[in-house]
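Chemist:
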Amino acid sequence: MTDADLVRLAQTGDSNAFETLVHRHDRAVLRLALHLTGSPQDAQDVCQDAFLRVHLNLHRFRFQCALSTWLYRVVTNVCLDHLRRNPARRQAVTVVTAPDGKQSDVLDQIADCRPSSSPERSFDGTQLRRDISRALGKLSPKERMVFELKHYHGMKLRKVADLVGTTEGTAKNILFRTTKKLRVQLAGAI
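Everything in the sequence shown is counted per the numbering used here, starting at 4 for the first residue and increasing by one.
(1) Taking only the alpha-carbon atoms, compute the straight-line gap between N2 and L185 and give it to the nearest angstrom.
(2) Does DSSP put M148 in a helix, in a strand, or in coil?
(3) Between which two residues does the alpha helix (DSSP H) carrying F64 extend?
(4) Thinking just about the alpha-carbon of each residue, which of T170, M4, G41, L37 is nearest to the one in T23?
(5) Only counting the same chain, and skipping five residues up and downstream in sequence, which positions put a Cβ closer than 7 Å to that of W73?
(6) Could you give the C-beta distance for A138 and L189, rounded to a whole number, given that I count them as a contact under 8 Å?
(7) Take T40 and list the residues in its own chain whose beta-carbon comes closer than 8 Å to its own, dropping the five residues that flank it on each side.
(8) Assign L142 to one of three DSSP states: helix, strand, or coil.
(9) I think V32 touches A53, with their Cβ atoms under 8 Å apart; what is that distance to the nearest whole Å?
(10) By Cβ distance, which residues of its chain are closer than 7 Å to V96, with the 5 residues on each side in sequence left out?
(11) Can you tell me the Cβ-Cβ gap for Q14 and L61, rounded? I've got them flagged as a contact below 8 Å.
(12) Please report how far the alpha carbon of R180 lies from the alpha carbon of E146, in whole angstroms.
(13) Would L178 pass as a contact of K153 if the rule is Cβ separation under 7 Å?
(14) In its own chain, which residues sit with a C-beta less than 7 Å from the C-beta of V163, not counting the 5 before and 5 after it?
(15) Comparing C-alpha positions only, which one of K183, L59, V78, V187 sits nearest to L166?
(16) In angstroms, rounded to a whole number, what distance separates the CA positions of L12 and L59?
(17) Given this structure, state the Cα-to-Cα distance separating R34 from D6, to the nearest angstrom.
Structure follows, in structure tokens:
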């Protein structure tokens, strides 16, 4: 069954259809929220809020775009709202706490499997990822969102513009300025 079929059923009150939509898209939504908030806990909150908004407003969905596009727009707006309300939490968080209470840095767990990999190179790569994470945390929510949607999610500028509610030209300008800012911030790290 397609997303459109499930949306039509959910619009008539079929809760199983909505649940199927949630299960179909929850990982992508969580992944996007995690990239944009930088925090697993905040990403979970954003994910919940986004699906709640989708549920409450599903009757307004008019099939003018793919459900995933509309859903990403909702997630992006919820993330922007969240980051505006919590500006101190804009810094990307890479330390996570396991259920047993142990903390670990997610970036340290990303292995470099290339044949040329060495401990020194691995350390440099981990440090660079931390520097990039810190630099992204200093951007405004909209700048960070445009940059991450384009470069981490591989979206076309037109789709990025739609998701953040601006024109393609403005999104391109934001991306250009953001890239320039990041180059300046990371000049010593690279």
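No residue lacks a Cβ here, since even glycine has one placed at the ideal position from N, Cα and C.
Please read all numbers here as calculations on a predicted model, not as lab measurements.
Modeler: Result, derived from the coordinates:
(1) This structure leaves residue 2 out entirely; the chain is present only between 4 and 193.
(2) helix
(3) From DSSP, F64 is part of no alpha helix (DSSP H); its letter is neither H nor E.
(4) M4
(5) F64
(6) 6 Å
(7) A46, V49, C82, H85, L86, R92
(8) coil
(9) 6 Å
(10) Here the model assigns V96 a pLDDT of 45, short of 50, so the residue's position is not dependable and the matter cannot be decided.
(11) 6 Å
(12) 8 Å
(13) yes
(14) V149, L152, K153, A174
(15) V78
(16) 15 Å
(17) 19 Å
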